[in-house]
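**Q** What follows is a structure written as structure tokens; I'll ask about it next.
There are 2 protein chains.
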Amino acid sequence: MSTPSSRVTLRDVARVSGVSPAAVSKVVRGAYGVSEQMRQRVNAAIEELGYRPSIAARAMRGSSSTIGVELASLGNPFFAPVLDAVMSVVDDSRYQVMVAPSQSPEREGQRSLETLSDHNVAGVIAVSPVIDQAWLEEYARAMPLVILGRDLASDAFDVVSGDDADGTRQVMAHLFERGHRRIAHLTRSEQVTDPASGSPHARRLAGYLRAMDVAGLEARVSRSGPREEEAFAVGVDLLRGRERPTAVFAANDALAFGMLRAVDHLGLTTRDVAVVGYDDVPLARQPGVSLTSVNQNGEQMGRRAAELLLSRLDGRTDPVREVVPVRLEARGSTA
Amino acid sequence: MSTPSSRVTLRDVARVSGVSPAAVSKVVRGAYGVSEQMRQRVNAAIEELGYRPSIAARAMRGSSSTIGVELASLGNPFFAPVLDAVMSVVDDSRYQVMVAPSQSPEREGQRSLETLSDHNVAGVIAVSPVIDQAWLEEYARAMPLVILGRDLASDAFDVVSGDDADGTRQVMAHLFERGHRRIAHLTRSEQVTDPASGSPHARRLAGYLRAMDVAGLEARVSRSGPREEEAFAVGVDLLRGRERPTAVFAANDALAFGMLRAVDHLGLTTRDVAVVGYDDVPLARQPGVSLTSVNQNGEQMGRRAAELLLSRLDGRTDPVREVVPVRLEARGSTA
DNA sequence: TTGAAAGCGCTAACAA
DNA sequence: TTGTTAGCGCTTTCAA
Chain W
1 MSTPSSRVTL RDVARVSGVS PAAVSKVVRG AYGVSEQMRQ RVNAAIEELG
51 YRPSIAARAM RGSSSTIGVE LASLGNPFFA PVLDAVMSVV DDSRYQVMVA
101 PSQSPEREGQ RSLETLSDHN VAGVIAVSPV IDQAWLEEYA RAMPLVILGR
151 DLASDAFDVV SGDDADGTRQ VMAHLFERGH RRIAHLTRSE QVTDPASGSP
201 HARRLAGYLR AMDVAGLEAR VSRSGPREEE AFAVGVDLLR GRERPTAVFA
251 ANDALAFGML RAVDHLGLTT RDVAVVGYDD VPLARQPGVS LTSVNQNGEQ
301 MGRRAAELLL SRLDGRTDPV REVVPVRLEA RGSTA
Chain Z
336 MSTPSSRVTL RDVARVSGVS PAAVSKVVRG AYGVSEQMRQ RVNAAIEELG
386 YRPSIAARAM RGSSSTIGVE LASLGNPFFA PVLDAVMSVV DDSRYQVMVA
436 PSQSPEREGQ RSLETLSDHN VAGVIAVSPV IDQAWLEEYA RAMPLVILGR
486 DLASDAFDVV SGDDADGTRQ VMAHLFERGH RRIAHLTRSE QVTDPASGSP
536 HARRLAGYLR AMDVAGLEAR VSRSGPREEE AFAVGVDLLR GRERPTAVFA
586 ANDALAFGML RAVDHLGLTT RDVAVVGYDD VPLARQPGVS LTSVNQNGEQ
636 MGRRAAELLL SRLDGRTDPV REVVPVRLEA RGSTA
């Protein structure tokens, strides 16, 4: 049967089927201008030899048939449905998916994007890249690019993001309705919430500040690293401080989980301190967790990003900036 | 500044620095036999032009400097530390990491592995691939391969797996100690627990059956799909049946979470039905969840897999089969 | 120490 | 409709 390695080349197939390499190439690509007779002979030889085209060689010629996905922090469960959706869409095309992971979003995603272009991928979906916009524009000049999760305005690349303004509005309305006044916001570092970054955290923070301002309340922002452990430590500090908040809006579920653990650690319950998250990862609905959270519809975000990239590769040139609707899932003590 | 696209070629660098392409190639690769003077001139030109070698072209020549990781179900949080560790190790080498994701483990991983070899990667780490051993052997004949998470015996590839026999022993001892006698096992489909597959689920099931047999107890095995929702449904059935078990050993945490939700759904608590999982994903320790689980040390598994692959690429030929120790983390109602 | 030349496997003109 | 030819950007003998 077929050997996994690509030892069998197009020339081998050509020799066996008695045609030219170019002809084989045409058959393989389903290109125009091949007789049915030739198709059959060539396909028979391909089958017989177990031929598989070398993507590496194709990539060098310019058309790599591979779509690259840049992805930091694979650990974030929110990205799983996003990637699944991307793959579903791409599966129906002639492209394949390769993921260039980066360990930390900050300053590493850039390297992953470079790796991808070094591989001559046909186009790239970058998931929440923490990268300077100018650099991304420059990158997009040479490579079809879709940014997922950052609401940047650019005519060099397409953008798909969740409706953070609306999501945050829903969260704050929900908490106000339940009578909360001392509401703290737990988010990431200043760098991550830089308004110019277009990051979701920036928009959530902005929405929180606006809502508190409109309500005439004092905003209280705590900052933590991305990990649950870091959020836990910050959360303990926050809850031990004076004027303990009655509710905490965490900028994502990982932070919310850390916060929940801090609540528990101090012998409090979510009746004392309500916690709301963002992302609605699968375990938010777990009994015993029951975290109120905003579902970002990652599946739809991934699908749209893939569709946009494919249409770019198909020739579209006008940029698209798309916002996906979100929905608060109320649970547990704040339901 | 540097353009992300690889428009600048080695020839351009050669022209600017006034040397031959071959010379530039040597400098770039740090190959033997280049004068200090030449190094400097070439490096200056590289800097000036923002040159980046094309991986695609390199790959075609045979030496791709890329390590491929085959990964099904990115959603499984157990894999995050595994991949992180792989990346950490690879970062210190001249290689890069590319991930070929597959949506469903069954029969899709094969395609991902083929994609990887079509890309001419230098070597591959396959994470828990549900693939026929003969096929893997064939594959490994053409490509350095490390299997992570399946305990297969082969001299064609290297193997790293967790010590499931010991992990299961710890789980069962723990439950027996707490007086449980009616202990059910929740696992995946028959296909996945096929003993010949070397899958972790097969070994956990075997360990469970052995332990029950030795204790003179009746084994009760329930089967479910991989997702939490499916485990929930099966769990509800199991708990509604006659002779409700007092404890359930779930073959991994996703199944355990479904089981926990089933317990809750039926108005029971983990005092009525104890649940133990396997993988010790981060949220197992979450207050309100407090799932007793076996920590598989994914970080160590990933690190060893990467080290083994690098040493293969460095010329090692004798196969290695390595087992990583595991540890039960007792929590909550079974602690 | 350096360079010339051949070719990896494929695609895309162009010619037949 | 088919085949010939010329590279893509790089590495690697082999001579100089």
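As you go down the protein sequences, you meet chains W and Z in turn. Just so we're aligned: 319 in our numbering is position 319 of the first sequence, and the numbers increase by one with no gaps anywhere. Numbers in our numbering are just positions in the second sequence, counted from 1, shifted up by 335. All residues carry an ideal CB built from backbone N, CA and C; glycine is no exception.
#1: Would a check of beta-carbon distances place residue 340 of chain Z closer than 8 Å to chain W?
#2: Quick one, are the C-beta atoms of residue 122 of chain W and residue 395 of chain Z less than 8 Å apart?
#3: Between the region 46 to 62 of chain W and chain Z, which residues of the former have CB atoms less than 8 Å from a CB of the latter, in chain order?
#4: Tell me which same chain residues have a C-beta within less than 6 Å of the C-beta of residue 41 of chain W, skipping the five on either side of it?
#5: Suppose the cutoff is 7 Å on Cβ atoms and the five residues either side in sequence are ignored; what does the same chain contact list for residue 281 of chain W look like?
#6: Check the Cβ of residue 286 of chain W against every Cβ in chain Z and list those closer than 9 Å, keeping chain order.
#7: Output, in chain order, the set of chain W residues within a Cβ distance shorter than 7 Å of residue 672 of chain Z.
#8: What are the boundary residues of the alpha helix (DSSP H) that includes residue 257 of chain W?
#9: Give me whichever residues DSSP pairs with residue 187 of chain W in a beta bridge.
#10: In terms of DSSP beta bridges, what is residue 517 of chain Z paired with?
#11: Buried or exposed for residue 1 of chain W, please, with buried defined as at least 16 other CB atoms from any protein chain shown within 10 angstroms of its CB.
#12: Can you give me the start and stop residues for the alpha helix (DSSP H) that residue 71 of chain W sits inside?
#13: Between which two residues does the alpha helix (DSSP H) containing residue 378 of chain Z stretch?
#14: Quick check on residue 350 of chain W: does DSSP put it in helix, strand or coil?
#15: Looking at the unbroken alpha helix (DSSP H) that takes in residue 200 of chain W, where does it start and where does it end?
#16: Just how far apart, CA to CA, sit residue 369 of chain Z and residue 363 of chain Z?
#17: In this structure, does DSSP put residue 468 of chain Z in helix, strand or coil?
#18: What does DSSP give as the partner residues of residue 275 of chain W in its beta bridges?
#19: So with CB distances below 7 Å, who are the chain W contacts of residue 631 of chain Z?
#20: Expressed to the nearest angstrom, what Euclidean distance is found between the alpha-carbon atoms of residue 343 of chain Z and residue 118 of chain W?
#21: Using only the alpha-carbon positions, how far apart do residue 345 of chain Z and residue 330 of chain W sit?
#22: What is the residue span of the beta strand (DSSP E) that residue 431 of chain Z lies within?
#23: Give the secondary structure of residue 197 of chain W by DSSP, where H, G and I count as helix, E and B as strand, and everything else as coil.
#24: Under 9 Å Cβ-Cβ, which residues of chain W neighbour residue 435 of chain Z?
#25: How many Å lie between residue 206 of chain W and residue 387 of chain Z at the Cα?
#26: Answer with buried or exposed for residue 168 of chain W, where buried requires no fewer than 16 other C-beta atoms within 10 angstroms of its C-beta.
#27: Leaving out five residues on either side along the sequence, give the residues of the same chain with a beta carbon under 7 Å from the beta carbon of residue 340 of chain Z.
#28: Could you tell me whether the Cβ of residue 87 of chain W comes closer than 8 Å to any Cβ of chain Z?
#29: Over what stretch of residues does the beta strand (DSSP E) that includes residue 164 of chain W continue unbroken?
#30: Could you tell me if residue 604 of chain Z is buried or exposed, where buried requires 16 or more neighbouring beta carbons within 10 angstroms of its beta carbon?
#31: Please report the distance separating the alpha-carbon of residue 89 of chain W from that of residue 96 of chain W.
#32: Shorter than 8 Å from the beta carbon of residue 309 of chain W to some beta carbon of chain Z?
#33: Between the C-alpha atoms of residue 338 of chain Z and residue 137 of chain W, what's the straight-line distance to the nearest angstrom?
**A** Straight from the coordinates:
#1: Along the second sequence, read from residue 1 onward, the residue named residue 340 of chain Z stands at position 5. Caution is warranted here: a pLDDT of 45 is assigned to residue 340 of chain Z, below 50, making its placement in the model unreliable, and the coordinate value is therefore given only provisionally. Chain W, which has a Cβ nearer than 8 Å to the Cβ of residue 340 of chain Z, makes this yes.
#2: Walking along the first sequence from the start, residue 122 of chain W turns up at place 122. Walking along the second sequence from the start, residue 395 of chain Z turns up at place 60. Cβ atoms of residue 122 of chain W and residue 395 of chain Z: not closer than 8 Å.
#3: 52, 53, 54, 55, 56, 57, 59 and 60
#4: By 1-based counting over the first sequence, the position of residue 41 of chain W is 41. The answer, listed in chain order, is 17.
#5: One-based indexing of the first sequence puts residue 281 of chain W at position 281. Here the set comprises 77, 78 and 253.
#6: Sequence index remark: in the first sequence, residue 286 of chain W carries index 286 (1-based). By Cβ distance, chain Z contributes 563, 592, 595, 596, 599, 618, 621, 623 and 624.
#7: In the structure displayed, chain Z extends from 336 to 670; residue 672 of chain Z sits before or after that span and is not available.
#8: Working through the first sequence from its first residue, we reach residue 257 of chain W at position 257. Note, residue 257 of chain W: alpha helix (DSSP H), 253 to 265.
#9: Sequence index remark: in the first sequence, residue 187 of chain W carries index 187 (1-based). For residue 187 of chain W, which the question treats as bridged, DSSP gives the partners W:223.
#10: Mapped onto the second sequence, residue 517 of chain Z falls at position 182. Partner(s): none; residue 517 of chain Z has no beta bridge.
#11: To locate residue 1 of chain W, count along the first sequence from 1; it is residue 1. In this prediction, residue 1 of chain W scores a pLDDT of 38, lower than 50, which makes its location untrustworthy; the coordinate-derived value is nonetheless stated afterwards. With fewer than 16 other Cβ atoms within 10 Å, it is exposed.
#12: Working through the first sequence from its first residue, we reach residue 71 of chain W at position 71. Element bounds for residue 71 of chain W: not the alpha helix (DSSP H) but the beta strand (DSSP E), 66 to 72.
#13: Within the second sequence, the letter at position 43 stands for residue 378 of chain Z. Element bounds for residue 378 of chain Z: 371 to 384.
#14: No answer is possible for residue 350 of chain W: the residues shown for chain W start at 1 and end at 335.
#15: In the first sequence, residue 200 of chain W corresponds to position 200, counting from 1. That run of the alpha helix (DSSP H) goes 200 to 214.
#16: Locating residue 369 of chain Z in the second sequence gives position 34, where the first residue counts as 1. Locating residue 363 of chain Z in the second sequence gives position 28, where the first residue counts as 1. Residue 369 of chain Z and residue 363 of chain Z: Cα-Cα distance of roughly 11 Å.
#17: For the purposes of this step, residue 468 of chain Z is taken as residue 133 along the second sequence, with counting starting at 1. Residue state, collapsed to three classes: helix.
#18: Numbered from 1 along the first sequence, position 275 holds the residue referred to as residue 275 of chain W. Per DSSP, W:248.
#19: Residue numbering aside, residue 631 of chain Z sits at position 296 when the second sequence is read from its first letter. None at all; the shortest Cβ gap to chain W is about 15 Å.
#20: Mapped onto the second sequence, residue 343 of chain Z falls at position 8. Mapped onto the first sequence, residue 118 of chain W falls at position 118. Approximately 11 Å between the Cα atoms of the pair.
#21: As a position in the second sequence, residue 345 of chain Z is number 10, starting the count at 1. As a position in the first sequence, residue 330 of chain W is number 330, starting the count at 1. Distance between the alpha carbons of residue 345 of chain Z and residue 330 of chain W: 58 Å.
#22: Numbered from its first residue, the second sequence carries residue 431 of chain Z at position 96. Residue 431 of chain Z -> beta strand (DSSP E) spans 431 to 437.
#23: Counting from 1 along the first sequence, the entry for residue 197 of chain W is found at position 197. Three-state DSSP puts residue 197 of chain W in a helix.
#24: In the second sequence, counting from the first residue as 1, residue 435 of chain Z sits at position 100. Going along chain W in sequence order, the residues near residue 435 of chain Z (Cβ under 9 Å) are 96, 97, 98 and 99.
#25: Within the first sequence, the letter at position 206 stands for residue 206 of chain W. Within the second sequence, the letter at position 52 stands for residue 387 of chain Z. Their Cα atoms are separated by approximately 39 Å.
#26: As a position in the first sequence, residue 168 of chain W is number 168, starting the count at 1. Buried.
#27: Within the second sequence, residue 340 of chain Z is the residue found at index 5, counting from 1. Note that residue 340 of chain Z scores a pLDDT of 45, beneath 50, so its modelled location is shaky and nothing firm can be said.
#28: The residue labelled residue 87 of chain W in the question sits at position 87 within the first sequence. Output row for residue 87 of chain W: interface = yes.
#29: One-based indexing of the first sequence puts residue 164 of chain W at position 164. First-last for residue 164 of chain W: 164 to 177, but that is the alpha helix (DSSP H), not the beta strand (DSSP E).
#30: To locate residue 604 of chain Z, count along the second sequence from 1; it is residue 269. Classification of residue 604 of chain Z: exposed, given that the 10 Å Cβ count is below 16.
#31: For the purposes of this step, residue 89 of chain W is taken as the residue at position 89 of the first sequence. For the purposes of this step, residue 96 of chain W is taken as the residue at position 96 of the first sequence. The alpha-carbon atoms of residue 89 of chain W and residue 96 of chain W are separated by roughly 10 Å.
#32: By one-based count along the first sequence, residue 309 of chain W stands at place 309. No, its Cβ sits nowhere closer than 8 Å to a Cβ of chain Z.
#33: Here residue 338 of chain Z refers to the residue found at position 3 of the second sequence. Here residue 137 of chain W refers to the residue found at position 137 of the first sequence. A caution first: residue 338 of chain Z carries a pLDDT of 40, below 50, which makes its placement in the model too unreliable to give a value.
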